[in-house]
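Visitor:
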Amino acid sequence: MARTRDESSPLFAGNAAGTLRLIIYLALAVVLMVLDQRNGWLWRLRYGASAVVEPVYRLAGLPAAGVRTMSVAFADRQRLTEQNQRLREDLLLANAKLNRMAAVAEQNQRLKELLDTQHSLELNVQLARVIGVDLGAYRYQLTLNVGSRDGVKPGQPVIDAHGVMGQVKEVLPTTAVVMLVTDPAHAIPVVIERSGLRTVAYGSRDGDQLALPNIPLAADVRAGDKLLTSGLGGRFPPGFPVGEIVSVAPAATGMFLVAQARPAADLDRSEDVLLLHDQAEPDGPPALVKPMGPPSDLTPNGAAAPAANATVQSVTTPATVGVPQ
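Numbering of the sequence shown is given in numbering that gives the first Met the number 0, commencing with residue 0 and proceeding in unit increments.
(1) Which of helix, strand or coil does DSSP assign to Pro183?
(2) What is the DSSP secondary structure of Asp35, reduced to helix, strand or coil?
(3) Suppose the cutoff is 7 Å on Cβ atoms and the five residues either side in sequence are ignored; what does the same chain contact list for Val247 look like?
(4) Beta-carbon separation of Leu266 and Val124 under 7 Å?
(5) Does the Cβ-Cβ distance between Val145 and Ala127 come in under 7 Å?
(6) Relative to the alpha-carbon of Ala264, which residue among Glu243, Pro183 and Ala48 has its alpha-carbon at the smallest distance?
(7) Using the C-alpha atoms, what's the distance from Ala175 back to Leu216?
(8) Have a look at Gly154 and Asn98 and give me their C-alpha separation to the nearest angstrom.
(9) I believe Ser269 touches Val129 by the beta-carbon criterion, under 8 Å. Please report the beta-carbon distance rounded to the nearest angstrom.
(10) What does the alpha-carbon distance come out to for the pair Arg148 and Leu171?
(11) Please report how far the alpha carbon of Glu169 lies from the alpha carbon of Arg87, in whole angstroms.
(12) What's the C-alpha gap between Glu81 and Ala74?
(13) Pull up the CB-CB distance for Ala200 and Ala260, whole angstroms please, since I reckon it's below 8 Å.
(14) Take Leu196 and list the residues in its own chain whose beta-carbon comes closer than 6 Å to its own, dropping the five residues that flank it on each side.
(15) Could you give the residue range of the beta strand (DSSP E) that holds Gly242?
(16) At the level of alpha carbons, what is the spacing between Lys225 and Arg234?
(17) Helix, strand or coil: which one does DSSP assign to Gly47?
(18) Within the same chain, show all residues whose beta-carbon is closer than 8 Å to that of Ala210, passing over the 5 residues directly before and after it, in chain order.
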């Protein structure tokens with residue numbers, strides 16, 4: 000709506016007074032610009048005004064700054080939470096890989112010890128893996144992953160890298176059951192390495208030790224003595240570690256000494272074992288060697304003497320060779 004003449008601004012009024020006011024205002028503006036250019040008065044004024052007005056601006060901007068700070072903090076917290084979760088997953092995965100590597104390294108060490116045992120003793124052995132453990136009441140046995148199809152037979156000795164574990168009790172087509180030396184129903188002839196005393200080690204009811212109940216009172220037996228297989232009975236070859244005596248005490252009857260021994264084999268930790276093959280000594284005396292020498296018709300004055308010498312040599316030589324080493 001257009002303004003009427005009476006409602007118009009007095010600055011632009013169409014009379015001499017309005018024109019004079021306009022000129023005065025223009026002159027004042029020019030003077031202020033000149034003074035500001037030369038002395039910087041208006042800059043000082045603006046500086047002081049900004050010092051007064053700045054808190055107002057800050058107060059007005061607080062809601063927006065608070066919202067922005069909260070959004071940044073929330074985003075940073077979420078990012079840190081995600082990074083922490085990823086790092087925890089990576090740490091768990093690294094620990095799992097490390098544990099797996101440690102288990103594989105330990106398994107390789109056990110296999111190396113088994114192979115070293117085989118090579119050092121030149122044994123005819125068969126490697127088997129433990130797939131089951133039965134430690135029930137008065138029964139301590141293992142299950143192996145080999146059976147009759149693999150040539151396993153009942154009575155075969157079973158060893159690990161440290162000593163005798165037991166013997167095969169039952170053979171199935173693909174598995175075999177091993178009775179441990181700590182089974183109460185198991186007995187093994189042993190010899191004390193230090194003194195040479197022969198005795199028998201039985202399994203105990205607690206399943207983790209061996210019992211030697213029939214030691215003479217005058218026998219030289221002490222804690223720390225090593226037990227080896229004696230070879231008697233023909234089941235276990237001589238010289239294999241069986242255990243170590245941990246205690247010796249008189250029996251309740253007072254007629255014998257009773258010793259407790261710790262098994263040498265890792266009965267509760269071994270995962271791979273060796274089955275011995277064809278370890279028994281041949282029965283009977285060795286076969287006679289066929290006499291060697293020239294025919295009797297070519298020997299001067301008869302062949303009786305050379306034939307006799309040959310016979311004597313054929314008898315004495317095998318007797319010397321046949322002595323167990």
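Ideal Cβ positions, reconstructed from N, Cα and C, are used throughout, including at glycine.
Guide: Straight from the coordinates:
(1) coil
(2) Residue state, collapsed to three classes: helix.
(3) Val220, Arg221, Ala222, Leu256 and Ala258
(4) no
(5) yes
(6) Glu243
(7) 40 Å
(8) 37 Å
(9) 7 Å
(10) 8 Å
(11) 49 Å
(12) Cα to Cα, the separation comes out at about 11 Å.
(13) 6 Å
(14) Ala218
(15) According to the DSSP assignment, Gly242 belongs to the beta strand (DSSP E) that extends over Pro240 to Pro249.
(16) Answer to the nearest angstrom: the Cα atoms are 20 Å apart.
(17) helix
(18) Ala200, Tyr201, Gly202, Ser203, Val257, Ala258, Gln259 and Ala260
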